[in-house]
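Here the structure comes first, spelled out in structure tokens, and everything after it is commentary.
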Amino acid sequence: MEAILVVDDDPGFRKLLEAILSGQGYQVQTAGSVREAVRLGATRRFQLVLCDLRLPDGDGLSVLRRFNEMAPATPFVMITAFGTVATAVEAMKLGAVDFLEKPLRSPEELRQLVRRVLSTPAAQPEPAGGANFACPPLIAHDPAMREVLELARKVAPTNATVLLMGESGTGKEILARCIHQNSRRADSVFLALNCAALAPTLIESALFGHEKGAFTGAIAQHQGVFERAHGGTLFLDEVGELDGNSQAKLLRVLQDRTFERLGGTRQIQVDVRLIAATNRDLKKMVEEGKFRQDLYYRLNAFPLEIPLLRQRPADIIPLAEHFLARASAALGKQTPVLSAGARQALLAYSWPGNVRELEHMMERVAILSEGEVQVENLPLPPGEPSERPARWKEIEKEAILEALRRHGGNRTRAAQELGISLRTLQYRLKQYGINR
966 MEAILVVDDD
976 PGFRKLLEAI
986 LSGQGYQVQT
996 AGSVREAVRL
1006 GATRRFQLVL
1016 CDLRLPDGDG
1026 LSVLRRFNEM
1036 APATPFVMIT
1046 AFGTVATAVE
1056 AMKLGAVDFL
1066 EKPLRSPEEL
1076 RQLVRRVLST
1086 PAAQPEPAGG
1096 ANFACPPLIA
1106 HDPAMREVLE
1116 LARKVAPTNA
1126 TVLLMGESGT
1136 GKEILARCIH
1146 QNSRRADSVF
1156 LALNCAALAP
1166 TLIESALFGH
1176 EKGAFTGAIA
1186 QHQGVFERAH
1196 GGTLFLDEVG
1206 ELDGNSQAKL
1216 LRVLQDRTFE
1226 RLGGTRQIQV
1236 DVRLIAATNR
1246 DLKKMVEEGK
1256 FRQDLYYRLN
1266 AFPLEIPLLR
1276 QRPADIIPLA
1286 EHFLARASAA
1296 LGKQTPVLSA
1306 GARQALLAYS
1316 WPGNVRELEH
1326 MMERVAILSE
1336 GEVQVENLPL
1346 PPGEPSERPA
1356 RWKEIEKEAI
1366 LEALRRHGGN
1376 RTRAAQELGI
1386 SLRTLQYRLK
1396 QYGINR
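The numbers in our numbering rise by one with no breaks, and the one at position 425 of the sequence shown is 1390.
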């Protein structure tokens, strides 16, 4: 018979659900906290999880995210009290299949819900970027990042050159790999080259290769990344660091699809899809004469700007939990749980190092923390706590105003873009004194 996990901090309600479901022949286990639920989920497979949204050491969304990592196909039903239906709807966007309201109206309501869920074939959650765009390494619940993934989904099947723009640590190479994996070249090679990591004297050889004897120390022929990426995708990171000579040669290969190795005369023809990335303002560099205008237009065929981590607040906690779980697993440790205070601190921090900074912080937390992670366990720089919530509210308010501007004041469409219910949007408008 199917195994069901009931997660609720109310012992009486847990026992009620256990009695009803056990009476139907289901194998029922119960948990009263995030930690206990995750521990049980790591020891056995459940065909269904019924989980309260509010738990003493976190929330039901944390349990849902952890199960998405441990057992992605597990159906989730969120238990919610009156007044938190909007949160339950948000939970369904993260993969929950339904919700059950408290108080339970009748045992039959629960029995019917469980039968319906268990009789439905397990639906695989749609990739964050939309249909037919799989990008497992990227977590994107925030509207700002979902919009980027939707554009990436559309450009992936084409051969268009893509320019990824964003600060260091925002995940440009990960997105480039996702575009490649969802392209017609997915079965071919993906090569990455960081242009900032090489001296100007070496970059040309790295890009186009060299013949034996082309320069002192060239004791053998060498193929560059363009030649080795033939038929596949080449990712050039920090393309704004190329010198004028390398820019000219890159432009030529983009125009003619041919090049010569350094020290050679033979024309080599290649079929390569180029994805470039930069953390610099290339348009400004063009105006200053530091970057070729014709190359800029070639690279900028399909620009994608990746938002800063602080501009996608809905992704901060899911990313933190993902990195914490991954680091803990690598250490062979039980994954610590982020306390409510720690979550608030993570949300309020400005993240100048973006996703990479969060990843490194969670690796440190996994090494040093035992049990629940408190604010003092987070290696955050000192700052006035009172300023941080204000910054968070400012970000949220600006996101709402921007969505309303984009949709001409249409609240329904703005709520859809933000990934929240109309009721939640109306509450936020009242909270921030926005009259639109």
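Every residue gets a Cβ at the ideal spot worked out from N, C-alpha and C, and that includes glycine.
The three-state secondary structure of PRO1072, taken from DSSP, is helix. Residue range 1281–1296 is occupied by the alpha helix (DSSP H) that includes ALA1295. In this structure, the straight-line span from the alpha carbon of LEU1303 to that of PHE1267 is close to 39 Å. The way I'd put it, the stretch 1173–1181 does touch the stretch 1228–1235; three or more beta-carbon pairs between them come closer than 8 Å. A distance of 9 Å or more separates the beta carbons of ASP1022 and THR1045. Residue environment analysis places GLU1382 among the buried positions, since at least 16 neighbouring C-beta atoms fall within 10 angstroms of its C-beta. Here ARG1000 is not near GLU1286, since their CB atoms are 9 Å or more apart. Judged by beta-carbon spacing, LEU1158 lies within the 9 Å limit of ALA1171, meaning their Cβ atoms are closer than that value. Of the residues VAL1251, HIS1187, ARG1111, the one whose Cα lies closest to the Cα of GLU1270 is ARG1111. By the neighbour-count criterion, in which 16 or more other beta carbons inside 10 Å mark a residue as buried, LEU1333 falls on the exposed side. Around LEU1311, the same chain offers ILE1281, ALA1285 as residues with beta carbons nearer than 6 Å, after the five sequence neighbours per side are excluded. In this structure, ARG1371 lies near ALA1379, with their beta-carbon atoms less than 9 Å apart.
In the three-state reduction of the DSSP assignment, ASP1063 falls in the strand class, which pools E and B. The DSSP assignment places complete alpha helix (DSSP H) segments of no fewer than 4 residues inside the stretch 983–1029 at 999–1008, in order along the chain.
Setting aside the 5 residues that flank it on each side, LEU1296 is surrounded in the same chain by ALA1331, ILE1332, each with a C-beta closer than 8 Å to its C-beta; the list follows chain order. Taking all protein chains in view, the Cβ of ILE1385 is crowded by 16 or more other Cβ atoms within 10 Å, so the residue is classified as buried. In this structure, DSSP gives LEU1345 a state outside helix and strand, which the three-state scheme calls coil.
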